[in-house]
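Okay, structure first, notes after.
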Amino acid sequence: MGILRDDGVVYKAVNKVDLGPNSGEVYLHADVKAPRMAGLFAKVFVWFLEMKLIGNILLYFLKKNNRIQSLVSYGVLEESPLYVPLHTYEDVEEEEVKCLDRGMSPAEQVQHAMDCLQSSDTVLHDSSFSFCRWTILDYSRAYAKRQITPLVVAERLISAVVQSSSPGMDMSFFIRYDAQDILRQAAESTLRHERGESISVLDGVPIAVKDEIDCMPHPTTGGSKWLHKVRPCKEDACCVKRLRSCGAILVGKTNMHELGAGTSGINPHYGSARNPYDPRRISGGSSSGSAAVVCAGLCPVALGVDGGGSVRMPAALCGVIGLKPSFGRIPHSGVLPLNWTVGMVGILAGTVEDSLIVYAAISGQAESHQPTMPRVHLPMLKPSNMSRITLAKSNEWFNDCSDDIRACCLHALASLHKSYGWETYEVTLPDIEVMRLAHYVTIGSECSASIAHHLEKMGKSVSGWDVRVALSIYGSFDSRDYLNAQRIRNRQMKFYETIFRLADVIVSPMVGVTAYEIKEDAQETGELDYVNGAALVRYSIAGNFLGFPAVTVPVGYDRLGLPIGIQFIGKPWSEAKLIQIAYAMEALCKAEYKKPKVFYDLLGES
């Protein structure tokens, strides 16, 4: 195929690229040349793709037509590869921030997070708000006042999960849960509360876990029908251990896009986790079930894994908070090794305060490791503490979304300026589409390398039809593809470092489109929709490929009433400032939050 090789793009030296607002850099829109495929069409395509000769020809043209060859594989650039986006740091004191000492227990860190919140006597539910979610503090206060017990909450939760799974609803929130295990945890928590010996504010609070993270006694399937058979779950992941040590009730494993290899959350094995704002539509992937259970009120918080926006995208589509910390901030032990250098445990929560509490519980280096990252910093969440913030906005990238999303996010920025005096500066972030493709090569190569030895024995037929296409593409990437992708990573890192010398955060919409409908032909085979997929991941990649922390906050709805989220991308290790910014944004928007069509009130009167 050498005679058909594309000429690669010759990239300018980094110091020759203008990052200013009037830069002549051309913004490349995603030019996806692949039809939507599902049902019989998807099966036929897979049959051809898995024939060696025909498959190689198809893969060649898929990579060529979608510009992977010209922009990544044969790109000419001077940078050396950067394999892991682990950032250096200086452990400096910050104002209005609580710096945690190393060696604290998760419960101690949670208590420090509580000290960062407004007075515990403050009423969180404002009667003027059209809709409010129950928070971790609401659960804790209700238990302390003997208004309800964790056991009663657990019983209501189990009833709600059963109802949501019934014919006619088929919300498919969970891949696996164990009612008896939930009741056992709840009974133990109830006894602690009765004795006045609660472990932390998380004691008795239900938290769900994406089925990419080990959580006993459940197998970890990764959304597949086979992975748990070759990789048994033997103990809790580090993040789950920390939550369990705080007394949280781990309620089960949430649904996800199989192997994290998609953005819709449509899973042909376990059903599609549906969007509580409109159950005909996707909740987004790959942490689809985690976003949906928080949105539907079943849990105030859930854990996800974000390898390409997989926490933040579904959070935005479901109207909840999605926080992805800096690469390395949360230990990755006990998480499926599907994406070593881009994946990160993240938090989906109903409120920014709840994301802070769980962030405090699970953050920090594993005890067995020497300190290689800064201590955990927690922000003081008080409206009076909102210092002047500068936001960088790349105009063409920001505007590359639906009209409703653009208008909503611009209104949010105007509100930040009006209420807090924050300034937005126009910049140019170059080669956004190049970075998306380089990230795709990276995450695909890492996923393929992780599971190839299993698939060689079992065959690709154990996976869903849509994932079989993804695995074929992933397996076609070679060393040149991967190495050039890492050189692009290094190049992009230099651009973002320059921008971060000019502004505190980068701001963008979270997704390019709101939740779209689940078509009937996708139920059996899954769905290949790379056009919508590219629109969904458009704003996610820097957080993963470059290891930056990022957070999304719901800021409104489109004309169909579907949630819209804005995103803030921060400097390395700047979670405290990001959470402060998210809190300020939430404060301006929460009075307008709307109740989902599917919602369960676990603390309300029965």
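Each residue of the sequence shown is one higher than the one before, starting from 363 at the first, in this note's numbering. In this text, a Cβ means the ideal position worked out from N, Cα and C, and glycines have one as well.
Can you tell me whether residue i is helix, strand or coil according to DSSP?
| i | result |
| --- | --- |
| Gly918 | strand |
| Cys809 | helix |
| Cys577 | strand |
| Asp477 | helix |
| His631 | coil |
| Thr552 | helix |
| Leu890 | strand |
| Asn637 | strand |
| Lys596 | coil |
| Val434 | helix |
| Arg1012 | This structure cannot speak to residue 1012, because the chain is shown only from 363 to 968. |
| Lys755 | strand |
| Gly624 | coil |
Residue i: which of the options sits nearest, CA to CA?
| i | options | result |
| --- | --- | --- |
| Met466 | Ile861, Cys608 and Leu964 | Cys608 |
| His694 | Leu791, Ser442, Val667 and Lys507 | Val667 |
| Ser634 | Gly696, Asp532, Leu564 and Glu715 | Asp532 |
| Arg921 | Ser764, His816, Ala800 and Tyr802 | Ser764 |
| Tyr981 | Ala884, Gly932 and Cys951 | There is simply no residue 981 to check, as the chain begins at 363 and stops at 968 in what is shown. |
| Ser649 | Met872, Cys809 and Met618 | Met618 |
| Ile805 | Phe862, Val567, Pro699 and Ile416 | Pro699 |
| Asp793 | Ala832, Arg750, Arg853 and Tyr632 | Arg853 |
| Ile628 | Asp369, Leu791, Trp827 and Ser526 | Trp827 |
| Leu940 | Lys957, Val869 and His773 | Val869 |
| Tyr919 | Arg750, Ala774, Arg842 and Thr450 | Ala774 |
| Ser756 | Val867, Val829 and Leu439 | Val867 |
| Glu879 | Leu924, Gly909, Ala865 and Phe839 | Leu924 |
| Ala769 | Gly705, Val829, Pro871 and Arg429 | Pro871 |
| Val371 | Arg750, Ala877 and Gly437 | Gly437 |
| Val515 | Ala912, Asn701 and Gly566 | Gly566 |
| Tyr955 | Gln942, Leu965, Leu964 and Val915 | Val915 |
| Ser902 | Tyr721, Ala610 and Gly927 | Gly927 |
| Leu964 | Tyr505, Glu556 and Trp784 | Tyr505 |
| Glu937 | Gln929, Tyr373, Ala912 and Glu758 | Ala912 |
| Val704 | Asp463, Gly669, Pro568 and Tyr836 | Gly669 |
| Leu864 | Leu772, Arg636 and Val789 | Val789 |
| Val379 | Val960, Ile861, Pro529 and Gln525 | Ile861 |
| Val803 | Ala728, Asn906, Val707 and Thr734 | Asn906 |
| Gln480 | Tyr945, Phe839, Ala814 and Pro958 | Tyr945 |
| Ser586 | Val824, Cys951, Ala375 and Phe839 | Val824 |
| Leu740 | Tyr422, Leu421 and Ala475 | Ala475 |
| Asn428 | Arg737, Leu411, Asp840 and Ile835 | Ile835 |
I'd like the list of long-range same chain contacts for residue i, defined as Cβ closer than 7 Å, with 5 residues on each side in sequence excluded.
| i | result |
| --- | --- |
| Asp762 | His391, Gly874 and Arg900 |
| Tyr892 | Val394 and Ala396 |
| His590 | Pro581, Thr582 and Thr583 |
| Trp759 | Tyr389, Leu791, Ile794 and Ser870 |
Beta-carbon separation of residue i and residue j under 8 Å?
| i | j | result |
| --- | --- | --- |
| Val613 | Ile724 | no |
| Cys354 | Lys460 | The question about residue 354 has no answer here: the residues shown for the chain are numbered 363 through 968. |
| Val602 | Ile719 | no |
| Ala549 | Ile520 | no |
| Leu753 | Thr786 | yes |
| Tyr632 | Ser534 | yes |
| Gly696 | Cys600 | yes |
| Leu791 | Met855 | no |
| Arg750 | Pro447 | no |
| Ser810 | Leu845 | no |
| Arg604 | Pro468 | yes |
| Leu898 | Gly646 | yes |
| Asn637 | Ala884 | no |
| Phe961 | Gly651 | no |
| Pro630 | Gly888 | yes |
| Gly708 | Leu685 | yes |
| Gly895 | Thr450 | no |
| Gln471 | Leu462 | yes |
Might you give, ordered along the chain, the residues of its own chain that have their beta carbon closer than 8 Å to the beta carbon of residue i, omitting 5 neighbours on each side?
| i | result |
| --- | --- |
| Arg1038 | Since the first residue of the chain shown is 363 and the last is 968, residue 1038 is not available in this structure. |
| Asp483 | Because Asp483 sits at a pLDDT of 48, beneath the cut-off of 50, its placement in the model cannot be relied upon, and the point is left open. |
In chain order, what residues of the same chain lie with their CB nearer than 6 Å to the CB of residue i, ignoring the 5 residues before and after it?
| i | result |
| --- | --- |
| Gln848 | Pro443, Leu444 and Tyr445 |
| Val656 | Ala664, Val682, Leu710 and Gly712 |
| Leu513 | Ala548, Ala549 and Thr552 |
| Ile430 | Leu799 |
| Phe407 | Met399 |
| Pro568 | Leu519, Ile611, Val613 and Cys661 |
| Gln509 | none |
| Ala623 | Val829 and Ala832 |
Output yes if chain D places a C-beta closer than 8 Å to the C-beta of residue i; else output no.
| i | result |
| --- | --- |
| Ile569 | The displayed structure is made up of one protein chain only, and chain D is not part of it. |
Counting pairs of beta carbons, one from the segment 592–602 and one from the segment 623–643, are three or more of them closer than 8 Å? In short, these stretches do not touch, since the Cβ pair count stays below three.
Quick check: the segment 490–504 against the segment 711–719, are at least 3 beta-carbon pairs closer than 8 Å? At 8 Å Cβ cutoff, the stretches touch.
Tell me, please, whether the segment 773–782 touches the segment 671–684 by the rule of three or more beta-carbon pairs shorter than 8 Å. Put simply, the segment 773–782 does not touch the segment 671–684. Fewer than three CB pairs are less than 8 Å apart.
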